[in-house]
Amino acid sequence: MSRSRIAVVTGADRGLGLGITKRLLELGWDVFAGSYLADWPELTELRQKEPERLHVIPLDVSSDESVKAASRAVEGKTDRVDVLINNAGIATRYPRTIHEEQVEEELLRIYNVNAVGPMRMAQAFVPLLRAGSGKRMCFVSSEAGSHQPQLSR
Numbered sequence: 314m315s316r317s318r319i320a321v322v323t324g325a326d327r328g329l330g331l332g333i334t335k336r337l338l339e340l341g342w343d344v345f346a347g348s349y350l351a352d353w354p355e356l357t358e359l360r361q362k363e364p365e366r367l368h369v370i371p372l373d374v375s376s377d378e379s380v381k382a383a384s385r386a387v388e389g390k391t392d393r394v395d396v397l398i399n400n401a402g403i404a405t406r407y408p409r410t411i412h413e414e415q416v417e418e419e420l421l422r423i424y425n426v427n428a429v430g431p432m433r434m435a436q437a438f439v440p441l442l443r444a445g446s447g448k449r450m451c452f453v454s455s456e457a458g459s460h461q462p463q464l465s466r
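Start counting the sequence shown at 314; every next residue gets the next number (this note's numbering).
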């Protein structure tokens, strides 16, 4: 692997994660793109354009084993990571508010991905981050996960 800066991006299949991945590649970074969706067309197309610098790795941040496997996959190709961008996240499909009945199973799934997932990633990638020059972790969040606007009614 080249001596360029190295990033790991979760949720790189689409949306903000895909945009972050594209921008890092434009800036000359090597990127390990965590992909939850199997064979997502835009990410596959981007990989074909950047086969030397874009490494797509299967990743489900809600799974300890998947996160550990992703860490091993990255470690198999490089001895360091300069930045970990925890971008993966999910939201409920329904426009629920705190005033409505919640489905506990759904809330626990969301919490597992959005809160516990970044912690799993941080723990798994700390050794590679310590070896990197950047030693940065970025946690992307959204106001969509906040109950504040709902409480102010």
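We treat Cβ as the ideally placed atom computed from N, Cα and C, and that holds for glycine.
In chain order, what residues of the same chain lie with their CB nearer than 6 Å to the CB of residue i, ignoring the 5 residues before and after it?
| i | result |
| --- | --- |
| N399 | T323, P431, M434, F452 |
| E363 | L338 |
| R449 | V396 |
| V416 | none |
When you compare each of the options to residue i by their alpha carbons, which one comes out closest?
| i | options | result |
| --- | --- | --- |
| G402 | V394, P364, V429, V396 | V429 |
| I319 | S455, Q361, S446 | S446 |
| R360 | K390, F345, D373, S317 | F345 |
| R327 | V369, G341, V387, L340 | V369 |
| A386 | S348, G341, R449, Q415 | S348 |
| R366 | Q436, S317, I423 | S317 |
For residue i, which three-state DSSP category applies?
| i | result |
| --- | --- |
| S376 | coil |
| V416 | coil |
| I333 | helix |
| G430 | helix |
Contact defined as beta carbons within less than 8 Å: I believe residue i pairs with residue j. What is the distance between those atoms, to the nearest angstrom?
| i | j | result |
| --- | --- | --- |
| S375 | V439 | Not a contact, Cβ separation roughly 19 Å. |
| E388 | L441 | 6 Å |
| A437 | S384 | 4 Å |
Kindly list the residues whose CB is nearer than 8 Å to the CB of residue i, restricted to its own chain and excluding five residues on each side of it in sequence; keep chain order.
| i | result |
| --- | --- |
| R422 | S375, I403 |
| L329 | N400, V453 |
Give every residue of the same chain whose Cβ lies closer than 7 Å to the Cβ of residue i, excluding the five residues on either side of it in the sequence, and list them in chain order.
| i | result |
| --- | --- |
| L331 | A325, E355, L356 |
Checklist entry - Hey, is the segment 352 to 360 in contact with the segment 374 to 381, meaning 3+ C-beta pairs nearer than 8 Å? => result By the Cβ rule, the segment 352 to 360 does not count as touching the segment 374 to 381, because fewer than three pairs are nearer than 8 Å.
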